[in-house]
Structures are given as structure tokens and as C-alpha cells.
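Numbering (my numbering), first residue to last: 800 to 962.
Here it is as C-alpha cells:
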């Protein structure tokens, strides 16, 4: 039943045209705070570094889920891989462009044909499959852990308070 609800919810979510709303984000250099969800995101994907007045300086690193988990296990200060619900909060469907706000997350412009991003969420009753969102193809799907995708880091408000 959960899977059916999830699929209906995301069909509705991805089927609507959104207005791009920058006012919900507070940009803090290489990070951005989402006032709506109380999550802080890295503006550049793993493998790319933020440079003031330039943005993300290189193409993000593509990695398997196992590599993404290794990176997550070595992170400090509450940074982690987002779950699928969190990752979906930065998805937009403006019906014309990429499915992510490229003024907030500029490295998406560096990717030409696809931009699948790992979540930490496995498919219920199919734990070998992990949900992801492709921010160029505008799709939510699941794939095996050995497939190569990108990673954007997030942290919750609780981890910020504990720094």
C-alpha cells in the first residue's frame, strides 16, 4: 500500500508545472538553506567545489551507491545522503528546463544529458534497488546499487544546531 501511495504522490508531484521560487532559499556561499523544509544543501554535487563569483568549478563525480555510502560514512558535521522525500523537495517542474533550480544548484548546468542523483531510500520489499531522481530527464525511478549516479549532500536543522 505504501508503494502505491508513493507512486500516486510522485505522479502528482512530477505532473504539475511549478513556479521557480527562490524566496524559500537562503544562499550561504557553498550552501543553501531551504526555509520550507529546514534542510541545508550543498550547492555543488560531490566532486565539484564552490568558488565565489564562479559557482561550481568542475563536473560532479559519478559514483555507485556503495561509493556514495563510503563518502557519507566519512562525512562530519551532519552532512549525509538525502532520502527520497528530501531529494524530491528540490525537484521543480517548470515544464521547460531542468527539474532543479540551476540558480540555486548551478552545477546541474555542467551535465549535458542526464543527472541522476542518489537517495538513501531503498524500494520497499526490494532493498537492492535505491530510489533516485534524474534532474534533467525529470524522472523518479530506482536502480541497482552498482549503477553510477551523482550525490548531493544535505543536513537537517538538528545537525546544524549541534555544530
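Note that the Cβ used here is the ideal one computed from N, Cα and C, for glycine as well.
- Query: Between residue 904 and residue 921, what straight-line distance do the alpha-carbon atoms span, to the nearest angstrom?
  - Reply: Stepping through the chain shown from its first residue, residue 904 is reached at position 105. Stepping through the chain shown from its first residue, residue 921 is reached at position 122. Going by the C-alpha atoms only, they are around 25 Å apart.
- Task: With DSSP as the reference, label residue 926 as helix, strand or coil.
- Result: Locating residue 926 in the chain shown gives position 127, counting from the first residue. Residue 926: strand per DSSP, three-state reduction.
- Query: residue 843 to residue 831, Cα distance in whole Å?
  - Reply: The residue you call residue 843 lines up with position 44 of the chain shown. The residue you call residue 831 lines up with position 32 of the chain shown. Roughly 10 Å between the two C-alpha positions.
- Query: Okay, do the stretch 872-880 and the stretch 927-936 touch, 3+ Cβ pairs below 8 Å being the bar?
  - Reply: no
- Query: Nearest to residue 950 by CA position, among 914, 941, 901 and 928, is which residue?
  - Reply: Looking up residue 950 in the chain shown gives position 151. Nearest C-alpha to residue 950: 914.
- residue 880 burial status per 10 Å Cβ neighbour count (16 or more: buried): Numbered from its first residue, the chain shown carries residue 880 at position 81. Counting Cβ neighbours within 10 Å, residue 880 comes out buried, since at least 16 surround it.
- Task: Determine the DSSP secondary structure at residue 861, reduced to helix, strand or coil.
- Result: Within the chain shown, the letter at position 62 stands for residue 861. Three-state DSSP puts residue 861 in coil, outside helix and strand.
- Is the CB-CB distance between residue 890 and residue 932 below 7 Å? Here the question's residue 890 lines up with position 91 in the chain shown. Here the question's residue 932 lines up with position 133 in the chain shown. Closer than 7 Å, so yes.
- Run the CB neighbour count on residue 834, radius 10 Å, all protein chains shown included, and call it buried at 16 or more, exposed below. Counting from 1 along the chain shown, the entry for residue 834 is found at position 35. With fewer than 16 Cβ atoms within 10 Å of its Cβ, residue 834 is classed as exposed.
- Test item: CB-CB of residue 839 and residue 944 under 7 Å: Here residue 839 corresponds to residue number 40 of the chain shown, with the count starting at 1. Here residue 944 corresponds to residue number 145 of the chain shown, with the count starting at 1. No; because the gap between Cβ atoms is not below 7 Å, this pair is not in contact.
- Residue nearest to residue 926 in terms of C-alpha spacing, selected from 837, 941 and 858: Walking along the chain shown from the start, residue 926 turns up at place 127. It is 941 whose Cα lies nearest to the Cα of residue 926.
- Query: Helix, strand or coil: which one does DSSP assign to residue 954?
  - Reply: Taking the first residue of the chain shown as position 1, residue 954 is located at position 155. Here residue 954 sits in strand by DSSP.
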